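Engineer: Read in order, the letters of the sequence shown are residues 7 to 931 in this note's numbering.
Please see the structure below; I have some questions.
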Amino acid sequence: MPLTTIESARQALAPVSRQAATEGIVLLKNTDNTLPLPSMSRVSLFGRCQIDTVRSGTGSGGAVNVPYSVNALEGLSAHPCIQVNMDLVSIYQTWLEQHPFDDGGGGWAAEPWYQEEMPLSSEVVSQARKQSDYAIVFIGRTAGEDQDNADESGSYRLTETEYDMLHKVCAQFDKVIVVLNVTNIIDMSWVDSMENANSIKAILYNWAAGMEGGHALADVLSGDVSPSGKLADTIAKQLVDYPSHANFGNSDQNLYCEDIYLGYRYFSTFKPDAVRYAFGEGLSYTSFTRKFVSSSIEGSGKNRAIHFHVEVTNVGDTHRGKEVVQIYVEAPQGKLGKPARVLAGFGKSKTLAPNESELMRIIVPVSALASYDDSGCTGYKSCYVLEAGRYHFHVGGSVREATLIDASFDVDTLQVIEQLSESAAPVTPFQRIKPAATSNALPYAIEHESVPTRSVCMETRISERLPVDIEITGDTGIKLKDVASRSASMSSFVAQFTPAMLATIVRGEGMCSPKVTPGTAAAFGGVSDALFDLGIPVAAAADGPSGIRMDSGHKATQVPIGTLLGCTWNTELNEHLFYLVGGELQSYNIDTLLGPGINIHRHPLNGRNFEYFSEDPLLTGSMAAAQVGGLKKAGVSGTIKHFASNDQETSRFDVDSVMSERALREVHIKPFELAVKHGGATTIMTSYNPINGHWGASNYDLNTSILRGEWGFDGIVMSDWWAKMNHPVHGGDEAKTYTSYMVRAQNDLYMVVDNDGAERNAMKDDTLAALESGTLTLGELQRSAMNICRFLINTPAMQRPIEKYNPVKPFAAKQQAPEEPSHTIEQPVKLATSNDTSVVINVDKAAKYLVTIQVSYDRNELAQSSCSLSFNGEYSMSLSTNGTDGAVTDIDGLIVDLESGWYDVGVTFVKPGLTLHHIAFSEIK
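Below you can see the structure in the form of structure tokens.
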């Protein structure tokens, strides 16, 4: 990997992040060619998000400490052809001094969905109109982990103050541009309903564009870049129109009654009039034609593919731009029932000058046209089949605009594409929708049918597939490097592990493990001396996907959110962007990024949608494969997550996703399949929630039958942090300590236990107890150990010098007495603070001291907070905690080797929330 320094990695990454942001901005309205802004346009900016620009969502996917961030005001003001009304800016800046950004206290998922907006007077707007010709109105929203949106003002809907802002601006300006600086799609009914709505000439979804977002917005508004983003989701007229709405947000279970008819698949089939903005829609500053040229079938058997050739021409006379070609299949209804349209392939052109053309080839595998029969109604249960009939194709700029082309694919008799076995079927009976058999024209009527439930015996399935135990040999001198060089086998290497070592290696440590890059999410692999002595390195995992989260305070680049990157419809750009993200990971000695997130946008209110790409599995899987491939080229890995169906944040630890096997395979795990088969994914994180009664980390059929058995995955599977598991056969009660169920399901790594807690079984899990009782076999543990070691061989950790972790860090003292009062090291230093601070301690006796902090954090156990300590300005350690529900608890840090003298002990709350009551130093005898 050529990018070896942090600074060089960041310099390479920033401009590509900016480009990605411009390509993901979606222009939905541009009446009278209002955009791009004419050169030297006078512009007034309304809305506080011009300054407090949302750059990402909240939680682990957005918590990146950035070296800088360009807000919308800075980006627009810096552009030489845009004249910003600075008098109006001054009014906002003055108001913001009295109404600062509300971070909710800075804690985990505490930031509110929206920020209080400045009320506008008619006089302020009138004066702005005298000074400018254009008004840009910013609407801002965020959401994220542990925090779903809600169908209320300030979340999905506008607030009264925002309505009033739009009303007053539209009354004075006849050229209003609305910029939606949001992490999720929001209600758009105001586009038509508000007074003077005709003044709104342009609407852009700017999303949350990372730390270069302000420059990217200026690039698009000025016309330096023509927008080419296309919606990755359907924007319906009403929230209740979404087919998942009635079964979203429950705390116990969500029935996926919509089945495969999710998003545009539902609307195009049953309810096209309910769509305000269609999937795939997005405007440009120029116009394009898409001319179908030819198609051909290449290959044979399972490798057959249809090659479509479409000529794209920029027919405008002024602006350069890119266009997305979308191909949709209309399959015969057959016995299974099909959506009226399904995205079958897509491609994005190069930048085309006026009158320039490009002949694009889009390849659609014939196998991708197949449907999964989970009922046996076709005569081929548990098979992907092509039902007989004519498969029509439609090409266009959105699902709504796509028109029929002369390139059908005929199937004379039903064809079995892939014979599989029933896996992960539901145990709860329910009804799903499908097109009525009596329907013969769009839109189809809806009928319901019973969903097939599980018929296989899981106990038999698991027992018949148990791996053979490898006889324990003890240490025979084989190191992991010997396996890497193929001078020893993996089985002979793992035969050296004692049961205790096997139980240790399936536990990751964190957050903020001192054994790896400071402030990262986990350390795994050689986390004990016994494992390390076999040459097993310690690998680091860092939160993503929009940049590297390090709770030590170290800086990293924040790239645009997943939804924006999905709206680029540009796989090559996504691959290159994450190749460069991989360079930054390498520079920080981080081995895997916990991302991309590739769950489906099942409902607009899911707070974590911002981390994910789309409502469509092909678009999602293609973006995931591209990003994983880019990271892989950089020598690191992307951990695709959350396997599977992490579709809401409300009760995310417990809510059961109850769905048909067909919906699971065709929609919800299809992106994972594409990322594994086409992106080469080697790391997967399971979800918190159960899927059809079995929690993600202990779901045998997902992790073994499908992932490894059908897809050929040979990497590692890790749990989400502090996940729960239940019995792989019987389901039932769940707990964090049921790691034996996790190992049986072939989720290899439990994430995470306390730092230095893997070997001593800090969480008191049942792995060894289950081994002793016979409910877990030695071979199963050895299988997971081999999976982990096989993965580690191909990580940068294996290439770095393997150095034993030293828990003691020396620090030099100041010999001159400080002016401010000092504390003696023999007594705890009382602080009772949640803000950055520093204290001076006096060390009379040079010795080694264990640092312990006493904290409380008034949040639940999923919330995360951290602080870092420094001695005389030198970073020492990061200490993290989960929510304690307000209870006071002690957290042991590292051992520091202190000379006699004075020390400035600095405390930085990198992830605020906790209250630090005191710091204590205990001499190590």
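Backbone N, C-alpha and C fix where the C-beta goes; we use that ideal spot for every residue, glycine too.
Just so you know, these numbers come straight off a predicted model, no measurement behind them.
Pop quiz: residue 95 and residue 146 are said to be a contact at Cβ under 8 Å. What is the actual Cβ separation, rounded to whole angstroms?
Structural biologist: Not confirmed; about 16 Å, so no contact.
Engineer: Cα-Cα, which of 722, 714, 713 and 709 is closest to residue 734?
Structural biologist: 709
Engineer: Based on the DSSP output, what are the partners of residue 455 in its beta bridges?
Structural biologist: 438
Engineer: In terms of alpha-carbon separation, which member of 417, 67, 587 and 60 lies closest to residue 78?
Structural biologist: 60
Engineer: Distance, Cα to Cα, residue 279 vs residue 621?
Structural biologist: 19 Å
Engineer: So, under 8 Å CB-CB, residue 24 and residue 222 are touching, yes? Tell me the CB distance rounded to an integer number of Å.
Structural biologist: 5 Å
Engineer: In chain order, which continuous runs of the alpha helix (DSSP H) of length 4 or greater are located wholly inside the region 214-242?
Structural biologist: 219-228
Engineer: Using 10 angstroms around the beta-carbon of residue 8, count the other beta-carbons present and answer buried if the total reaches 16, otherwise exposed.
Structural biologist: For residue 8, the predicted model reports a pLDDT of 39, less than 50, meaning its position is unreliable and no value from the coordinates is stated.
Engineer: Under 8 Å, with one C-beta from each stretch per pair, do the region 862-878 and the region 106-125 reach the 3-pair mark?
Structural biologist: Remark: three or more beta-carbon pairs, one from each stretch, lie closer than 8 Å, so the region 862-878 and the region 106-125 are flagged as touching.
Engineer: Residue 527 and residue 516 - do their beta-carbons sit closer together than 8 Å?
Structural biologist: yes
Engineer: When the Cα atoms are used, what is the spatial distance from residue 262 to residue 766?
Structural biologist: 42 Å
Engineer: As a quick exercise: from 512, 101 and 85, pick the residue whose alpha carbon is nearest that of residue 798.
Structural biologist: 512
Engineer: From the DSSP output, which residues share a beta bridge with residue 649?
Structural biologist: 692
Engineer: Given a threshold of 16 other Cβ atoms within 10 Å of its Cβ, counted over all protein chains shown, does residue 581 qualify as buried or as exposed?
Structural biologist: buried
Engineer: Would you kindly work out how many angstroms separate the C-alpha atoms of residue 744 and residue 647, rounded to a whole number?
Structural biologist: 21 Å
Engineer: Could you confirm whether any beta carbon from chain C is found closer than 8 Å to the beta carbon of residue 444?
Structural biologist: In the structure shown, chain C cannot be found, because there is only a single protein chain.
Engineer: For residue 834, which residues of its own chain have a beta-carbon under 7 Å away from its beta-carbon, when the five flanking residues on both sides are left out?
Structural biologist: 924, 925 and 926
Engineer: Which ranges would you report for the beta strand (DSSP E) in the region 466-532 if only whole runs of at least 3 residues count?
Structural biologist: 513-515 and 528-531
Engineer: Can you give me the Cβ contacts of residue 395 inside the same chain, cut-off strictly under 7 Å, excluding the 5 residues immediately before and after it?
Structural biologist: Sequence-distant partners of residue 395 (beyond 5 residues in either direction) whose C-beta falls short of 7 Å from its own C-beta, in its chain, are 338, 340 and 417.
Engineer: For residue 862 and residue 874, which I take to be in contact (beta-carbon distance under 8 Å), what is that distance rounded to the nearest angstrom?
Structural biologist: Contact doesn't hold; Cβ gap of about 18 Å is too wide.
Engineer: Would the region 652-659 and the region 684-694 be scored as touching if the rule is three or more Cβ pairs under 8 Å?
Structural biologist: yes
Engineer: Would you list the residues sitting across from residue 1005 in a DSSP beta bridge?
Structural biologist: Past the edges of the chain, shown from 7 to 931, lies residue 1005, and the structure says nothing about it.
Engineer: Using only the alpha-carbon positions, how far apart do residue 604 and residue 286 sit?
Structural biologist: 18 Å
Engineer: Find out if the Cβ-Cβ distance for the pair residue 910, residue 879 is shorter than 8 Å.
Structural biologist: Annotated as proximal: residue 910 and residue 879, with beta-carbon spacing under 8 Å.
Engineer: Taking its Cβ as the centre, do 16 or more other Cβ atoms sit within 10 Å of residue 520, making it buried, or is it exposed?
Structural biologist: buried
Engineer: Within 10 angstroms of the Cβ of residue 63, are there 16 or more other Cβ atoms? Answer buried if so, exposed if not.
Structural biologist: buried
Engineer: Spell out the partners DSSP gives residue 608 in its beta bridges.
Structural biologist: Paired residues: none, contrary to the question.
Engineer: Might you give, ordered along the chain, the residues of its own chain that have their beta carbon closer than 6 Å to the beta carbon of residue 761, omitting 5 neighbours on each side?
Structural biologist: Here the set comprises 515 and 519.
Engineer: Whose C-alpha, out of 736, 886 and 347, is nearest the C-alpha of residue 449?
Structural biologist: 347
Engineer: Tell me which residue opens and which closes the beta strand (DSSP E) that residue 582 is part of.
Structural biologist: For residue 582, no beta strand (DSSP E) run applies; the uninterrupted alpha helix (DSSP H) run containing it begins and ends at 577-593, by DSSP.
Engineer: Measuring alpha carbon to alpha carbon, tell me which of 626, 625 and 591 ends up nearest residue 640.
Structural biologist: 591
Engineer: Round the Cβ separation of residue 586 and residue 288 to the nearest angstrom and send it over; I've been treating them as touching at under 8 Å.
Structural biologist: Not confirmed; about 25 Å, so no contact.
Engineer: How should residue 290 be labelled, buried or exposed, when 16 other C-beta atoms within 10 angstroms of its C-beta is the threshold for buried?
Structural biologist: buried
Engineer: Taking only three categories from DSSP, how would you classify residue 173?
Structural biologist: helix
Engineer: Return helix, strand or coil for residue 786, following the three-state DSSP convention.
Structural biologist: helix
Engineer: Label residue 411 either buried or exposed according to how many other C-beta atoms from any shown protein chain fall within 10 Å of its C-beta, with 16 as the threshold for buried.
Structural biologist: buried
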